[in-house]
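Chemist: By numbering that gives the first Met the number 0, the letter at position 1 of the sequence shown is numbered 0, and the numbering carries on one by one without gaps.
Backbone N, C-alpha and C fix where the C-beta goes; we use that ideal spot for every residue, glycine too.
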Amino acid sequence: MTDSAAHAPATGAARPATLPGPRRAGDRVRALRGLLSEPVPVLDELGERFDGTFGIRLGPMTLAVVGNPAHVADLLALPTDHFVWGHVANTLRFYVGDGSMIVSDGADHRRRRGAVQPALARRRLDRWIPMIVAETDAVIDGELAAAAAGPVDLFPIGRRLVLRIVTQALFGPELAGRTDELDALIEPAKTYLEQPGLRQLPHPVPGTRRARARQARAALDAVIDGEIARRQRAGDSDGRDDVLAMLLAAGPDGTGELSMDEIRDQVVTLIGAGFDTTASAVAWTVLEAASNPTIWTDLRAEADAVLGDRPVDALGRAELDALEVAASVVAESLRLHPPGVFTPRLTTRAIDVGPYRVPKRSMVLWSPYLAGRDPATWPDPTTFDPGRHRDPTPEQAAQQRLALAPFGRGPRQCIGFALAQMELTLITARLAQCVDLTLARRGIPPAYGMVVNRPLGGVPATVTPAAGAATHHAAR
Ligand code: HEM
0 MTDSAAHAPA
10 TGAARPATLP
20 GPRRAGDRVR
30 ALRGLLSEPV
40 PVLDELGERF
50 DGTFGIRLGP
60 MTLAVVGNPA
70 HVADLLALPT
80 DHFVWGHVAN
90 TLRFYVGDGS
100 MIVSDGADHR
110 RRRGAVQPAL
120 ARRRLDRWIP
130 MIVAETDAVI
140 DGELAAAAAG
150 PVDLFPIGRR
160 LVLRIVTQAL
170 FGPELAGRTD
180 ELDALIEPAK
190 TYLEQPGLRQ
200 LPHPVPGTRR
210 ARARQARAAL
220 DAVIDGEIAR
230 RQRAGDSDGR
240 DDVLAMLLAA
250 GPDGTGELSM
260 DEIRDQVVTL
270 IGAGFDTTAS
280 AVAWTVLEAA
290 SNPTIWTDLR
300 AEADAVLGDR
310 PVDALGRAEL
320 DALEVAASVV
330 AESLRLHPPG
340 VFTPRLTTRA
350 IDVGPYRVPK
360 RSMVLWSPYL
370 AGRDPATWPD
380 PTTFDPGRHR
390 DPTPEQAAQQ
400 RLALAPFGRG
410 PRQCIGFALA
420 QMELTLITAR
430 LAQCVDLTLA
440 RRGIPPAYGM
450 VVNRPLGGVP
460 ATVTPAAGAA
470 THHAAR
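#1: Does the Cβ-Cβ distance between I295 and H336 come in under 7 Å?
#2: Would G54 pass as a contact of G33 if the rule is Cβ separation under 7 Å?
#3: Short check: CB of L162 to CB of D182, under 7 Å?
#4: In chain order, what residues of the same chain lie with their CB nearer than 7 Å to the CB of D241, ignoring the 5 residues before and after it?
#5: Across the region 450–462 and the region 342–351, are there enough close Cβ pairs to call them in contact, namely three or more that are closer than 8 Å?
#6: Answer yes or no: the CB of D125 versus the heavy atoms of the ligand NAP, is any distance below 6 Å?
#7: Could you please give the first and the last residue of the uninterrupted beta strand (DSSP E) stretch that includes T268?
#8: Hey, could you find the ends of the alpha helix (DSSP H) V65 is sitting in?
#9: Entirely within the region 114–195 and at least 4 residues each: give me those alpha helix (DSSP H) ranges in chain order.
#10: According to DSSP, M362 sits in a beta bridge with which residue or residues?
#11: Just verifying my parser: in three-state terms, what is the DSSP assignment at I443?
#12: At a threshold of 6 Å, does A272 count as lining the ligand HEM (C-beta to nearest heavy atom)?
#13: Scan the region 197–251 and note each continuous alpha helix (DSSP H) run of 4 residues or more that stays entirely inside, going in chain order.
#14: Does the Cβ of A419 lie closer than 6 Å to at least one heavy atom of the ligand HEM?
#15: Compute the Euclidean distance between the alpha carbons of T277 and H108, then round it to the nearest angstrom.
#16: Is the beta carbon of D73 sitting closer than 7 Å to the one on G85?
#17: State the DSSP-derived secondary structure class of P68, mapped to helix, strand or coil.
#18: Give the DSSP-derived three-state secondary structure of A466 in the structure shown.
#19: Grouping DSSP H, G and I as helix and E and B as strand, with all else coil, what is V83?
#20: Return yes when the C-beta of T276 is under 6 Å from any heavy atom of the ligand HEM, and no when it is not.
#21: Suppose the cutoff is 6 Å on Cβ atoms and the five residues either side in sequence are ignored; what does the same chain contact list for S327 look like?
#22: Would you report the Cα separation of H70 and G51, rounded to the nearest angstrom?
#23: Is the region 456–465 touching the region 145–152, taking contact as three or more C-beta pairs under 8 Å?
#24: Grab the span of the alpha helix (DSSP H) containing F406 for me, first residue to last.
#25: Just verifying my parser: in three-state terms, what is the DSSP assignment at R453?
#26: Should G409 be labelled buried (16 or more other beta-carbon atoms within 10 Å of its own) or exposed?
#27: Could you work out which residue in V65, A118, A244 and M259 is closest to D43 when comparing CA atoms only?
#28: At a cut-off of 6 Å, would you count R112 as near the ligand HEM, judging by its Cβ distance to the nearest heavy atom?
#29: Does the region 368–377 come close enough to the region 406–422 that 3 or more CB-CB pairs lie under 8 Å?
#30: Considering Cα atoms alone, identify which of R48, I414, R429 and A465 is closest to R111.
#31: If you draw a straight line from the alpha carbon of D297 to that of V324, how long is it in whole angstroms?
#32: With a CB to CB cut of under 8 Å and the five nearest residues on each side skipped, what residues in its chain are close to E186?
#33: Look at the alpha carbon of T90 and the alpha carbon of V462, and state the distance between them as a whole number of angstroms.
#34: Could you tell me whether the region 128–145 touches the region 311–322, where touching means 3 or more Cβ pairs closer than 8 Å?
#35: Between R334 and L403, is the Cβ-Cβ spacing less than 7 Å?
#36: Would you say the beta carbon of P338 comes nearer than 6 Å to a heavy atom of the ligand HEM?
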């Protein structure tokens with residue numbers, strides 16, 4: 000029996016129960032400290048002990064971790080006005096800006112999100128399929144070919160690839176050559192936001208991490224403004240299909256939906272939310288898939304059949320949809336290693352999840368990581384088995400739908416989920432088609448990172464061209 004069984008109300012009881020969780024002051028402080036610095040070990044320990052959902056009392060406040068799949072489903076089905084995202088403890092605001100959708104609520108959130116949504120709608124994403132495969136090919140033929148002599152860490156290579164793809168999706172091809180500069184402008188924010196919450200209290204002291212993050216944000220704004228000015232000078236705003244073009248069309252010169260500050264804030268948000276998350280997922284997916292020769296062989300057979308040596312410009316939705324093995328490998332990677340192990344929101348009223356009552360003004364951390372490892376849904380949960388996503392029984396499929404939520408659900412679901420899934424599927428398939436990877440380490444490393452969960456030690460591997468890969472290469 001997990002400890003939570005002791006706290007659940009007797010069958011038929013009308014009153015919701017108090018959240019189970021560590022009670023002794025020392026245990027609560029230790030759990031809190033872990034959650035705010037290296038959360039995975041705490042989630043593993045307390046998730047198992049309390050069946051996925053638990054609370055930590057901090058004076059008058061409760062920190063509620065919700066990871067049991069049924070409770071996550073209850074939570075994500077509640078109306079958004081039961082929560083706020085733009086609360087004072089949301090330290091993201093400092094970097095993404097007051098106008099960002101990610102720190103907005105109510106009508107502001109709907110308007111800001113609504114302006115971005117059409118640019119990331121599934122049917123519009125299809126046009127980026129050739130670009131994503133071509134960028135992957137450039138990495139295979141460039142950095143990976145050059146690294147053939149010995150082990151190389153694939154993590155930074157994958158990260159640069161994702162940044163090039165996200166940059167092109169947001170700005171078109173012009174800024175793709177400046178990804179190192181963009182990376183350098185994102186880094187200070189990442190370093191700042193990875194610090195424990197107490198170190199992120201507002202202060203104006205120069206020379207600190209906070210000051211560097213602020214300067215980097217100003218420099219990033221200058222890059223965005225420069226690109227807008229370049230478009231205006233060149234008169235090439237029409238006919239573009241990148242996200243910035245669509246925001247500008249809906250912005251001050253278009254319908255007036257977003258101000259210029261709001262446009263900058265959405266662009267910075269999309270870079271910030273869309274880049275390191277996807278890069279981490281690429282790393283975990285490659286690690287898991289390359290650790291299992293059968294999976295890599297299955298991926299290659301599928302990619303040979305679907306992508307073959309067709310020119311990248313001929314690739315589209317039909318090919319993406321046919322990459323079923325690759326999609327199942329990605330789903331399994333996101334189940335076991337969701338880049339965001341939890342996502343915070345503050346309750347505006349008391350809410351019920353499963354048998355438990357979460358008080359008003361609680362900080363809720365709902366956890367796709369715990370839901371993805373729920374032993375009642377996923378037999379042998381820590382085993383990487385893409386097969387579980389292919390042809391499940393209707394009963395299993397229904398259970399899995401509740402428990403697989405790496406991107407969240409409902410009106411606050413990740414706005415970039417379709418782009419991320421597309422990138423991950425195409426990158427995984429193309430890599431498996433063209434190279435063999437011999438990992439330098441045995442086993443899957445532990446995770447680290449608070450904002451984004453990454454493999455400790457990266458992905459060191461020796462890369463060799465796959466037999467027959469020259470044929471694909473020649474055709475590209
Ligand atoms: C594997 C990659 C990714 C994962 C796992 C991921 C996961 C998530 C999660 C869990 C949320 C929060 C849902 C909630 O609050 O309940 C979220 C929100 C968000 N994501 Fe992603 N994301 C990924 C990639 C992307 C990409 C590629 C973009 C954009 C290009 C993006 C942009 C956003 C934005 C803007 C939000 C806030 C949405 C809102 O507040 O309405 N993400 N993401």
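Modeler: Put simply:
#1: It should be pointed out that residue 295 corresponds to Trp in this sequence rather than to Ile. Remark: C-beta atoms of W295 and H336 do not approach each other more closely than 7 Å.
#2: Taking 7 Å as the Cβ cut-off, G54 and G33 do not qualify as a contacting pair.
#3: Yes; because the gap between Cβ atoms is below 7 Å, this pair is in contact.
#4: Correct list, in chain order: A168, L169, F170 and G171.
#5: The answer is no - the region 342–351 does not touch the region 450–462, with fewer than three Cβ pairs under 8 Å.
#6: The ligand NAP is not among the ligands present in this structure, which contains only the ligand HEM.
#7: DSSP places T268 in no beta strand (DSSP E) but in the uninterrupted alpha helix (DSSP H) bounded by M259 to A289.
#8: Note, V65: premise wrong, no alpha helix (DSSP H); beta strand (DSSP E) at M60 to V65.
#9: 121–124, 128–138, 153–170 and 178–192, all fully within the region 114–195.
#10: Looking at the DSSP assignment, M362 forms a beta bridge with L62 and L345.
#11: Coil at I443, not helix or strand.
#12: The ligand HEM approaches A272 closely enough that one of its heavy atoms is under 6 Å from the residue's Cβ.
#13: Listed in chain order, they are 208–233 and 242–248.
#14: Yes - the ligand HEM has a heavy atom lying nearer than 6 Å to the Cβ of A419.
#15: Distance between T277 and H108, taken at the CA atoms: about 23 Å.
#16: It is not a contact, given that the beta carbons lie outside the stated cut-off.
#17: Three-state DSSP puts P68 in a helix.
#18: Coil.
#19: V83 sits in a strand when the DSSP states are folded into three classes.
#20: Annotation for T276 indicates a beta carbon within 6 Å of some heavy atom of the ligand HEM.
#21: Counting only Cβ-Cβ distances below 6 Å, and skipping sequence neighbours, we find P385, H388 and R389.
#22: About 9 Å.
#23: Contact holds: three or more Cβ-Cβ distances are below 8 Å.
#24: Note, F406: premise wrong, no alpha helix (DSSP H); not H, not E.
#25: Assignment of R453 by DSSP, reduced to helix, strand and coil, places it in the strand class.
#26: Exposed, since its Cβ has fewer than 16 Cβ neighbours within 10 Å.
#27: In terms of CA proximity to D43, V65 leads the group V65, A118, A244 and M259.
#28: For R112, the shortest separation between its Cβ and any heavy atom of the ligand HEM lies below 6 Å.
#29: No, they do not touch.
#30: R111 has its Cα closest to that of I414, out of R48, I414, R429 and A465.
#31: Approximately 7 Å between the Cα atoms of the pair.
#32: Within the same chain, E186 has close Cβ partners A215.
#33: It is roughly 40 Å from the alpha-carbon of T90 to the alpha-carbon of V462.
#34: Yes: at least three Cβ pairs fall under 8 Å.
#35: The answer is yes: Cβ separation under 7 Å.
#36: With a cut-off of 6 Å, the C-beta of P338 is classified as near the ligand HEM, since at least one heavy atom of the ligand falls inside that distance.
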